[in-house]
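Engineer: Under the UniProt record's numbering, the first residue of the sequence shown carries the number 1, and numbering increases by one thereafter.
Please find one structure pasted underneath; my questions will follow.
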Amino acid sequence: MAVGSGNAIKICLVGNSRVGKSCIAERLVHDIFHEKTQSTMIGRAFLHKALTVEGETVKVNIWDTAGEEKFHSLAPMYYRYASAMVLVYDITDTESFLNLRKFWVPSIKSCNDPSIPLAIVGNKLDLEETDRAISTEEGQGYADILEAVFLETSAKTAHNVERIFTELILKIRDSQRRRQMNQAEEMEPRNVIVPHSTPAKENPLSCICH
């Protein structure tokens with residue numbers, strides 16, 4: 001779906017339970033933070049936000065998916081037709097980071113275009129001084145492998161929260177432009193060079209029978 005076409009783009013938040021997906025969504029949309037947020041109970045929650053990116057208003061539909069194992073079978077259904085994915089882990093929780101590689105990324109790749117724009121987001125940056133378990137370098141390294149946007153955020157302080165989505169919108173836009181250029185190149189007529197035929201030379205030794 002083209003960015004800025006008037007249609008809303010769909011961005012899904014995925015990751016383990018309690019990494020702060022709902023807090024990120026609530027901070028972006030309502031600019032609020034609840035210290036204790038209930039896990040998404042029906043598999044997903046739906047919010048929307050209009051963002052201004054490089055002077056253009058972009059409507060974003062945010063799908064906040066549940067991270068509990070009992071909802072894993074439903075998750076791919078919510079990923080379909082997404083324009084981009086945000087994979088969230090908790091920088092104080094090693095398992096939440098390892099599960100990106102173990103479950104969440106394979107789940108996304110299995111039901112989406114493998115080139116779908118991704119963002120790897122390490123949340124709870126406000127706890128880095130006391131409880132950090134995953135270094136910035138580890139997060140950045142994995143994002144580099146996936147060619148994904150990488151940011152560390154704090155839903156509590158709002159640090160980098162809006163930037164997640166603006167960076168992804170720019171990545172979606174760039175991806176769409178490259179796809180359009182490739183399609184245009186494929187549709188261009190090819191100049192086929194047809195070699196000129198050379199008349200056969202008469203063999204002077206050939207005989208003419210009467």
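Each residue gets a CB set at the ideal place from its N, CA and C atoms; glycine is no exception.
Quick caveat: nothing in here was measured; it's all calculated off a predicted structure.
Among Asp31, Glu95, Val53, which residue has its Cα nearest to the Cα of glycine 15?
Structural biologist: What you label residue 15 is simply residue 15 of the sequence shown in a count that begins at 1. Out of Asp31, Glu95, Val53, Glu95 has the C-alpha closest to the C-alpha of glycine 15.
Engineer: Can you tell me which of the three DSSP states aspartate 131 falls into?
Structural biologist: In the sequence shown, residue 131 corresponds to position 131, counting from 1. Correct three-state label for aspartate 131: helix.
Engineer: Taking contact to mean at least 3 C-beta pairs separated by less than 8 Å, is the region 82 to 96 in contact with the region 125 to 145?
Structural biologist: These segments touch.
Engineer: Quick check for students: name the residue ranges of the alpha helix (DSSP H) that lie wholly in the region 75 to 116, counting only runs of 4 or more.
Structural biologist: Within the region 75 to 116, the complete alpha helix (DSSP H) runs of at least 4 residues are 75 to 79, 94 to 99, 105 to 111.
Engineer: Could you tell me which residues DSSP pairs with alanine 45 in its beta bridges?
Structural biologist: The residue you call residue 45 lines up with position 45 of the sequence shown. Answer is Asp64.
Engineer: Would you tell me roughly how many angstroms separate the C-alpha atoms of proline 106 and glycine 141, rounded to the nearest one?
Structural biologist: For this step, residue 106 is matched to residue 106 along the sequence shown. For this step, residue 141 is matched to residue 141 along the sequence shown. C-alpha separation (whole angstroms): 18 Å.
Engineer: Which term fits serine 154, buried or exposed, when burial requires 16 or more other beta carbons within 10 angstroms of its beta carbon?
Structural biologist: If you number the sequence shown from 1, residue 154 lands on position 154. Under this definition serine 154 is a buried residue.
Engineer: Is DSSP giving threonine 157 helix, strand or coil here?
Structural biologist: Position 157 of the sequence shown holds residue 157. If DSSP states are grouped into helix, strand and coil, threonine 157 belongs with coil.
Engineer: Determine the direct distance from the alpha carbon of alanine 66 to that of arginine 179, and round the result to whole angstroms.
Structural biologist: Taking the first residue of the sequence shown as position 1, residue 179 is located at position 179. Taking the first residue of the sequence shown as position 1, residue 66 is located at position 66. So the alpha carbons of these two residues sit roughly 32 Å apart.
Engineer: Does the structure place the region 131 to 147 close enough to the region 20 to 28 that three or more beta carbon pairs sit under 8 Å?
Structural biologist: With a cut-off of 8 Å, the region 131 to 147 and the region 20 to 28 do not count as touching, because too few Cβ pairs lie within range.
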